[in-house]
Each structure stands twice: as C-alpha cells, then as structure tokens.
Amino acid sequence: MSDFYQSVYAIVRQIPIGRVTSYGAIAKYLGTAGSSRMVGWAMNLSHHQEMYVPAHRVVNRNGLLTGKIHFGSPDEMQELLENEGITIENDCITNFKDLFWDPIKELK
DNA sequence: ACGTTGACCTATA
DNA sequence: GTATAGGCCAACG
C-alpha cells in the first residue's frame, strides 16, 4: 500500500463525530489537489482494509452522498450519518456547510 | 498493452 | 442557474 491511501484513511478516521468532509479537501491536504478521484479510489479500497474507515463521513463538494451505492445498502450510508446527528434530505446534507470539517484548517 | 471507467473538481458557455 | 468540457491518475476488462 502506498502512503497516499494510508494518509487518506488516517484523515478519515480523525473526522469528528457528526462532522463531514469532502474528497477535494482531503486531496488538497495531501497535496494531490486536482486528483481528488484518487481519494475516491482510496475509499473504494477502504472496505478491504483491516481498520474500519468511516467513509460515510466523506462526501462530494455539494454534500451529496454520491458514494452511497458502494456501501452494502444505499440507505446504509444515510442511516449512519443520521445516527451521528447529521440531517440528510434527498441524499444531501442539509447543514453541510456547518458540518463541514476541513483537514487543512482543523488538522493542519 | 490499450481503452474505458470512476465515491471528483474547476472552468467555461 | 444548469450544461458541457477538460484534467487528473489508478484500477479493471
């Protein structure tokens, strides 16, 4: 495994409960801005990682749950987020702007 | 080995 | 404001 994926997983695990972030923010934090798709790939491989990765806390820039289909059940991701106190409406995070957790600002 | 795809983002029309 | 285009790079067929 390259350090890139490990770094991505490390960041995702450090996301506080009830907060979310975006692929672009993570990519930018890792210095691979513009290649945010790789972050998505990292998430794709996250499910066969030993350590659990809360990929449900990572959404796209619009706060839309685009990756929900990659979970076992499309509704699983929304349930997990709502379980953490996040409000979802039509697969979108309503208070996304408030719940947004920027690793550059918070983790830097 | 090559072409296509993808859990994205930014920019232009 | 929505629509389309381009760029990015790794994995899959």
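Once you know that position 102 of the first sequence is 102 in my numbering, the rest is easy, because the numbers rise by one and skip nothing.
For every residue, glycine included, the Cβ atom is placed at its ideal position computed from N, Cα and C.
Computed from a predicted model, the values in this text were never measured in an experiment.
- Selection 43, 60, 59 evaluated against residue 52 yields 43 as nearest (Cα-Cα).
- Distances from the CA of residue 50 to each of 72, 38, 10, 81 were compared; the closest alpha carbon is that of 10.
- Here residue 41 is exposed. Its C-beta has fewer than 16 other C-beta atoms within 10 Å.
- In terms of Cα proximity to residue 30, the closest of 71, 15, 7 is 7.
- With fewer than 16 other beta carbons inside 10 angstroms of its own, residue 33 counts as exposed.
- Residues 17, 18 of the same chain have their beta carbon placed closer than 8 Å to that of residue 85, with the five preceding and five following residues left out of the count.
- Taking the Cα positions, residue 25 is about 7 Å away from residue 103.
- In the three-state DSSP reduction, residue 88 falls in the strand class (E or B).
- Here DSSP, grouped into helix, strand and coil, assigns residue 2 to coil.
- Between residue 39 and residue 27 a beta carbon distance of about 5 Å is seen, short of the 8 Å cut, so the two are scored as contacting.
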